[in-house]
Every structure is written in structure tokens, then in C-alpha cells.
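Peer 1: Before we start, here is the structure in question, set down as C-alpha cells.
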Ligand code: MLT
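Okay, structure coming up:
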């Protein structure tokens, strides 16, 4: 079973981290939302404390199957899933393969389309850099785009945590994770079928998953609303937890009351 952190009792909510991070990125949600909810934050295969035996790409489908197995292991039939960036890609696989386990969705800083050839080439270059120069060099490359300039100036604790998570990821996992994302399926056609309540949370300054990408997904999803977190980039849950948690709490409250 995937290593995971958990808090509270009530409606199960599973938090799926982005790349190359781990369950620690959800600390402000684990600390701030545990009243009335059973919060579960796994480390995906290869990340944090979850091992990734073998070789080859860490695919979105294998992560989704691991999440279904985690629910089985915890005796949970259905959960709300909240995924950020790669976590969102995993949730599209989850919907494709295990939709009966999904009660509602929260999609943060993510996108439904597959990579362009250019994006795949960038991923393979970053994978080579990780293997050649180590994870610290990946942290140097990523931090300016995952955290807004406001966060980098004012939140040294967030910068330090992000660096720690990236530097703590094995370079081999970084390469296998990049390849897994490069091979992911385009999920754009899936959006109109996602008939569970969906909340989109995006940072206004995100250069990786810009607000326009969220707006377009929101228009294709049958039961979705979107909230933009001002001043945050790709990790709005860490950059401005209060602005992130408020709409999330409201959404979870509405799902509980259904
Ligand atoms: C993430 O935060 O998970 C990554 O930005 C996803 C990606 O590289 O596409």
C-alpha cells in the first residue's frame, strides 16, 4: 500500500501531489481542514516514502491503480479526489479506470491535454539533467516557475519545503516520472463525461497551467466551477493556504450535504 498521511474522520478526501513532490505539499490542507473530513495524502510510487521497484516510466495509469488499491486497503469505497498538476493527470486516469471510486473532483493547476512534441522533448532534457547533475539542479530549474515572485520573496519556508521535496526525490524517479507524464493520454474528450461535482483551483501567476487552461476545462466539464488564487503560481495550496482552503472547504461542505 502507498505510504500516506491521514487526519480526521468523515467524508474521505484524497490529496494527490504534483511532480516531483510528495504528501508534504498538502500540509496546510491536512492541518487546516481535518474537522469533519477524513483527509488522506499518499506519496505516489517513487515519491516521498513510497518505493518504486523496477524500471520504466511511472505512468499515470499505474498511479491511478495504486490509488484504487489504497482505497481498498483503507476500506473506502468512494472519495473526493484533489489532485495538483501531475496529481490532476493521475485523476483523469482514475476517472478512466476507476470512476466508481470518485465522489467529486478538485483539479488544481493541471491540464487535460497531452504533451506536445516540444513538451516531451523538454521533459526528456530535464530527465537527462536530473541523471547527470542531480535533483538540486532540477530544483534550481523548477522553483522560478512553480512559485510566484511574491512567494519567493515573502515565503522562505515554502521555498525551503519545495526545494527539500525536489532534492529528496531520486534522480531516477525524476526521469521515470517525466517519461510517464510524456506518455500520458489526452483526456480532453473525457471532460464532458465527468458528471461529478468538480472544483478547479488555479494560481493567477501560473506559467505552467495558466488560468486560460483552467477556464477552458471548466467550460467542458458538466458540473464545475473555478476559483483563481491571486498572487500564487503553480502551488497555490502552499503559496496562499487561506485563499485555497476557503473555496475547498465550501466545496467539501456542499458534497457532504448532497
Ligand atoms: C507538476 O507540478 O506536477 C508538474 O508541473 C507537472 C508537469 O510537469 O507537467
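In our numbering, the protein residues as written are 1252 to 1509.
Glycine is no exception: its CB is placed at the ideal position from the N, C-alpha and C atoms.
#1: Got a sec, what are the start and stop residues for the beta strand (DSSP E) residue 1400 sits in?
#2: Please identify the residue among 1321, 1389, 1289 whose C-alpha is closest to the C-alpha of residue 1429.
#3: At the level of alpha carbons, what is the spacing between residue 1267 and residue 1273?
#4: Give a yes or no on whether the C-beta atoms belonging to residue 1417 and residue 1393 are separated by under 8 Å.
#5: Which value, in whole angstroms, describes the spacing of the CA atoms of residue 1477 and residue 1285?
#6: Less than 7 Å separating the Cβ of residue 1504 from some heavy atom of the ligand MLT?
#7: How about residue 1218: is its Cβ closer than 7 Å to a heavy atom in the ligand MLT?
#8: Between 1442, 1278, 1357, which has its C-alpha nearest residue 1467's C-alpha?
#9: Report the residue from 1398, 1335, 1281, 1296 whose alpha carbon sits nearest the alpha carbon of residue 1319.
#10: Closer than 7 Å to a non-hydrogen atom of the ligand MLT - does that hold for the CB of residue 1301?
#11: When you measure from the CB of residue 1255 to every non-hydrogen atom of the ligand MLT, does any distance come out below 7 Å?
#12: If you run the structure through DSSP and keep just helix, strand and coil, what is residue 1393?
#13: Kindly give me the distance between the Cβ atoms of residue 1483 and residue 1491, rounded to whole angstroms, as I take these residues to be in contact under 8 Å.
#14: Using the Cα positions of residue 1275 and residue 1494, report the straight-line distance between them to the nearest angstrom.
#15: Got a sec, what are the start and stop residues for the alpha helix (DSSP H) residue 1319 sits in?
#16: Residues in its own chain within less than 6 Å of residue 1263 by CB, not counting five upstream and five downstream?
Peer 2: So, from the listed chains and residues:
#1: No beta strand (DSSP E) holds residue 1400; the alpha helix (DSSP H) holding it covers 1400-1405.
#2: Residue nearest to residue 1429 within the set 1321, 1389, 1289 is 1389 (criterion: CA-CA distance).
#3: 8 Å
#4: yes
#5: 23 Å
#6: no
#7: The question about residue 1218 has no answer here: the residues shown for the chain are numbered 1252 through 1509.
#8: 1442
#9: 1296
#10: no
#11: no
#12: helix
#13: 5 Å
#14: Cα to Cα, residue 1275 sits roughly 19 Å from residue 1494.
#15: 1311-1325
#16: 1289, 1327, 1330
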